[in-house]
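Heads up, the thing below is written out as C-alpha cells.
Residue numbers (the numbering used here): 10 to 412.
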C-alpha cells in the first residue's frame, strides 16, 4: 500500500491562520476566528504531572468470596467513594463500596423497567444518579439510588449511534457506532451528533475521518490508523491516530480548540509483529476452549494470522486509545501492538485548555475505566484472563506510595 498523507483537512479559515513555530519547550497559543490554537515544535518533554500509587487501594474480584466478573465493560466512580461496574457477560451492574467491598447488584438481565440486555455505556450524573445506555433494549435508563426515575427510548436512532457523555445543557453527545466494510473511499466518515433527550431530537453536527480503507490486495495491515473520539468537559474531542493533532468541538459542532505538535514517524518492525502475534495468541486461547489440542490451536492461529501482514513502509499509529476524565482532561494512550492483552501503559495528558501536562505511566494489564478526584478506577486482567476491579490514587511525582 502506498503511504497515506497525514494531512488533516480543516476549515479554510484555519489554513489561512499563521502560527509561529516555537522551540520544543515552548508553546504558541492564539485565537483565530474564535478558535484557540496551541502548537508545539515537537512532542513536549515535560515531567510527569502525577503518578499512580505503587499499590492499588483495593482489588476486588479475585477473591474466592468476591463477585466473579466475566467481562468488565464499563465502570464509574461514585461520590461516596464506591463504584458502579457493568459486567457485559453477566448483564449486571455491580456496586462496590469505598473500600472495595461488595455493595450489591443495582440491576440485572431482563425486559422489565430498569432491567438490562446489553450495557454499552455507563455515566455518573452526580450524587447517586447513574445513566445507563442499554444497547440491547435501545434505551437510556436513569437510576437515582436503586430506583428507576426515567427511561428514554432510543430506537429511532436505529442503534447507529453510541453515547459519549453529556454537554452543559444535559444533551447527550453521540457518535457513529457501526459501519460496513468494503467502502471505496480512503476514509469512511464518522459523525458527531447531539441528542436532546427531552425533545427526542438528534442533530448531526460534524463529520470526521473514522475508518481507513486498505487498497492493497491480500492480507491487511494490523496497524491501520483510525479516528478516535471521546467527550470531555461537555465537548467532543477527536484525533486521527496517525496525525499529531487533537481537535475539540463544542456540542453544536463548531471547532473550539486545536492542539498540534511534531511527532516522530515510527515504522513497524518484526518486534512489533511479534508482540501483536503473542497478544493475539494469549487472547484467543481462552476464548476458544473447544480447541483441545495444541496442534489444532496452532492451525487455528495460522488461519487467523494469514489475514494480516506487516507493512514496513506504513507508519505506526501514534495512539491506541483516547478518553476524557471528569476533570475535563484528555488522555491519549500511546500505541502498543499488544494493547489488547496488556493494556495501554503510557498516556500523554492534556488540560481542558490544551496545555500538555506530560506523560503518565499506568500499571500494566490495567484498562482505565474512570478518573475522578485523584482516583483511577481500572479493570485488571491477570495471566489467566481473570478480571478484577482495582482502584489507584494519583499522587504528585515523588510522593510516598507513588509508582
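Note that CB positions come from ideal geometry on N, CA and C, so glycine has one too.
| query | result |
| --- | --- |
| As assigned by DSSP and simplified to three states, the class of residue 349 | helix |
| Own chain residues within Cβ distance below 6 angstroms of residue 100, not counting five before or after | 118, 125 |
| Burial state of residue 227, where buried means 16 or more other Cβ atoms lie within 10 Å | exposed |
| Between the CA atoms of residue 237 and residue 269 - distance to the nearest angstrom | 16 angstroms |
| The stretch 41-49 in contact with the stretch 340-352 per 3-pair CB rule at 8 angstroms | no |
| Contacting residues, own chain, Cβ-Cβ under 6 angstroms from residue 285 (five flanking each side not counted) | 231, 346 |
| Proximity winner among 90, 70, 213, relative to residue 81 (alpha-carbon distances) | 70 |
| Residue 213 to residue 188 span [Cα, whole Å] | 16 angstroms |
| Through-space distance from residue 401 to residue 67, alpha-carbon basis | 8 angstroms |
| Whole-angstrom distance between residue 111 and residue 235, CA atom to CA atom | 38 angstroms |
| Expected contact under 8 angstroms - CB spacing of residue 103 and residue 87 to nearest Å | Not really, about 12 angstroms apart at Cβ, beyond 8 angstroms. |
| Proximity below 8 angstroms, CB of residue 150 to CB of residue 157 | yes |
| Pick from 274, 90, 265, 259 that is closest to residue 325, judged by C-alpha positions | 274 |
| Span of the alpha helix (DSSP H), counted from its first residue to its last, around residue 287 | 279-296 |
| Closest residue to residue 84 among 406, 407, 396, 408 (Cα-Cα distance) | 396 |
| Sub-8 angstroms separation of residue 243 and residue 175 beta-carbons | yes |
| Residue 310 - DSSP class collapsed to helix/strand/coil | helix |
| First through last residue of the beta strand (DSSP E) which encompasses residue 68 | 67-69 |
| C-beta contact flag for residue 322 and residue 356 at 8 angstroms | no |
| Complete runs of the beta strand (DSSP E) confined to the stretch 189-220 [at least 3 residues] | 196-205 |
| Inside the stretch 310-398 only - alpha helix (DSSP H) runs reaching at least 4 residues | 348-351 |
| Spatially closest choice to residue 361 from 381, 254, 241, 120, by CA coordinates | 241 |
| For residue 367, the nearest candidate out of 293, 49, 48, 55 (CA to CA) | 55 |
| Reference residue 142; option with closest CA among 120, 173, 403, 154 | 173 |
| Close Cβ partners of residue 399 (< 6 angstroms) along its chain, the five nearest in sequence each way excluded | 65, 68, 387, 389 |
| Beta bridge counterpart(s) of residue 252 as assigned by DSSP | According to DSSP, residue 252 bridges with nothing at all. |
| Assigned exposure category for residue 193 - 16 Cβ within 10 Å defines buried | exposed |
| Whether residue 239 touches residue 337 by CB criterion (8 angstroms) | no |
| Beta-bridge pairing of residue 94 - partner residues as DSSP gives them | 84, 103 |
| Cutoff 6 angstroms; reference residue 218; Cβ partners in own chain excluding five residues on either side | 196, 236, 249 |
| Residue 253 vs residue 330 beta-carbon contact at 8 angstroms | no |
| Cα-Cα separation, residue 375 to residue 344 | 15 angstroms |
| Beta strand (DSSP E) runs wholly inside the stretch 106-147, at least 3 long, in chain order | 111-116, 128-135, 138-143 |
| Closest residue to residue 404 among 202, 247, 381, 279 (Cα-Cα distance) | 381 |
| Within 8 angstroms, strictly: CB atoms of residue 137 and residue 161 | no |
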